[in-house]
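Reading through the structure tokens given below for one structure.
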Amino acid sequence: MSTPFYVSPQQAMADRAEYARKGIARGRSVVVLQYTDGVVFVAENPSRALHKVSEIYDRIAFAAVGKYNEFENLRIGGVRYADLRGYTYDRADVTARGLANVYAQTLGSIFSSAAEKPYEVELIVAEVGNAPEDDQIYRLPHDGSIVDEHGSVAVGGSADQISSYLDQRHRDGMTLGEALKLAVESLSRDNNGGERTLSADQLEVATLDRTRPQQRKFKRILGRQLSRLLEENGTAASEDAADDAADSEGTSGSDGGSGTS
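Quick note on this note's numbering: the sequence shown kicks off at 108 and runs consecutively.
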């Protein structure tokens with residue numbers, strides 16, 4: 108009789124984690140940033156029909172990378188959870204933290220089960236508060252752990268590089284245009300250090316805007332509005348660069364005059 112092949116539990120979990128990470132790394136990245144009026148979601152997504160960013164409830168939104176059918180099932184489950192809890196108790200009882208806990212239990216159970224493969228997904232759940240300090244952003248990796256994020260977060264293939272870029276440049280009190288410009292700049296950088304040009308057609312952008320008078324704070328930024336925001340920020344950046352160049356030329360000219368006198 109042949110001896111059964113043995114794999115230690117530690118090695119089995121490591122293999123499952125590596126499998127999930129490779130699947131997630133193939134997906135295009137998603138960036139979530141806080142700005143002065145709420146939270147903005149920016150994803151590289153050329154599809155107009157398959158969304159990576161979606162509304163869950165009044166003040167809560169969801170973003171994901173990885174296998175679409177898997178994170179779409181999770182999104183639908185989250186909407187059902189939020190609707191049922193809001194109907195049974197009160198709309199204020201539906202929170203991003205509660206939803207993140209539900210997702211964590213689901214992902215953790217699937218990841219630790221030997222009967223099925225782990226989900227190749229990474230999620231972000233965000234809730235906009237009445238003030239910037241009340242905003243909540245949670246990142247959920249494939250294993251069901253929960254990471255409480257502040258300011259900015261990225262998930263997807265180049266998440267580490269993008270997160271490092273955002274950490275150095277993101278600041279409190281940014282306008283929507285400034286946050287959008289920073290998000291697009293971070294997504295435009297590739298692993299080799301080069302930069303690409305991302306147009307409005309390649310981006311999926313949405314916000315949780317605390318200033319909206321209606322109860323539902325989620326809003327997609329599409330078409331002309333998105334193009335206008337990108338063009339305005341591109342023009343502003345060009346003008347700033349030109350001003351910096353002019354200032355440096357003026358300074359070098361005055362230094363040269365001083366040196367020759």
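The beta-carbon is built from N, C-alpha and C at its ideal position, and this holds for glycine as well.
Minimum C-alpha distance to residue i - residue among the options
i: Leu305; options: Ala290, Tyr113 and Tyr245; result: Ala290
i: Arg166; options: Arg135, Arg323 and Arg331; result: Arg323
i: Ala261; options: Ala233, Asp241, Pro239 and Thr282; result: Ala233
i: Gly280; options: Pro248, Gly193 and Ala238; result: Ala238
i: Asn208; options: Glu227, Gly251, Asp241 and Glu302; result: Gly251
i: Ala266; options: Arg123, Met120, Gln117 and Ala132; result: Ala132
i: Lys224; options: Gly184, Arg204, Arg296 and Met120; result: Met120
i: Gly205; options: Phe218, Ala189, Leu157 and Gln117; result: Ala189
i: Ser216; options: Leu333, Thr282 and Pro248; result: Pro248
i: Arg182; options: Ala286, Asp122 and Thr213; result: Thr213
i: Ser259; options: Val149, Asp122 and Ser154; result: Val149
i: Thr282; options: Tyr194, Ala222, Leu140 and Arg135; result: Leu140
i: Thr202; options: Ala221, Phe218 and Ala168; result: Ala168
i: Tyr164; options: Leu157, Gly184, Ser154 and Ala156; result: Gly184
i: Arg296; options: Arg135, Gln118, Val114 and Gly130; result: Arg135
i: Ala156; options: Gly236, Ala124, Phe218 and Gln309; result: Gln309
i: Arg123; options: Arg331, Ala222 and Asp274; result: Ala222
i: Leu329; options: Arg198, Ser154, Arg128 and Asp197; result: Ser154
i: Val254; options: Gly264, Gln243 and Gly263; result: Gln243
i: Ser220; options: Pro116, His277 and Gly263; result: Pro116
i: Arg128; options: Arg327, Tyr194, Gly264 and Glu285; result: Gly264
i: Arg327; options: Gly130, Val114 and Ser161; result: Ser161
Residue range of the unbroken alpha helix (DSSP H) whose run includes residue i
i: Gly185; result: Tyr175 to Thr195
i: Ala266; result: Ala266 to Arg276
i: Ala199; result: That residue, Ala199, is in no alpha helix (DSSP H); it is neither H nor E in DSSP.
i: Ala286; result: Leu283 to Ser295
Coil, strand or helix - residue i by DSSP
i: Gln141; result: strand
i: Ser115; result: coil
i: Ala344; result: A caution first: Ala344 carries a pLDDT of 49, below 50, which makes its placement in the model unreliable, though a value can still be read off. Of the three classes helix, strand and coil, the one that applies to Ala344 here is helix, per DSSP.
i: Val235; result: coil
i: Lys159; result: coil
i: Ser259; result: strand
i: Asp316; result: strand
i: Ile253; result: coil
i: Ala127; result: helix
Inter-residue CB distance, residue i and residue j (contact presumed, cutoff 8 Å)
i: Val83; j: Lys159; result: Within the shown structure, residues of the chain are numbered from 108 to 368, placing residue 83 beyond reach of any answer.
i: Leu294; j: Ile269; result: 7 Å
i: Glu256; j: Tyr272; result: Contact flag wrong, Cβ pair sits at about 15 Å.
i: Glu311; j: Asn180; result: Their Cβ separation, rounded to whole angstroms, is 19 Å, which puts Glu311 and Asn180 out of contact at 8 Å.
i: Glu177; j: Tyr226; result: 5 Å
i: Leu333; j: Ala307; result: 5 Å
Residue i, enclosing beta strand (DSSP E) - first and last residue
i: Ile217; result: Here Ile217 belongs to no beta strand (DSSP E); instead the alpha helix (DSSP H) covers Ala203 to Ser219.
i: Ile328; result: Phe325 to Ile328
i: Arg100; result: Residue 100 lies beyond the residue range present for the chain, which begins at 108 and ends at 368; the question has no answer from this structure.
i: Glu223; result: No beta strand (DSSP E) contains Glu223, which DSSP labels as neither H nor E.
i: Leu305; result: Per DSSP, Leu305 belongs to no beta strand (DSSP E) and is neither H nor E.
Below-8 Å beta-carbon distance, residue i vs any chain B residue
i: Ala199; result: Structure shown: chain B not included; a single protein chain is present.
Quick test of the definition: if touching needs 3 or more C-beta pairs under 8 Å, does the stretch 141-150 touch the stretch 310-330?
yes
At least 3 beta-carbon pairs within less than 8 Å: the stretch 170-177 vs the stretch 327-342:
no
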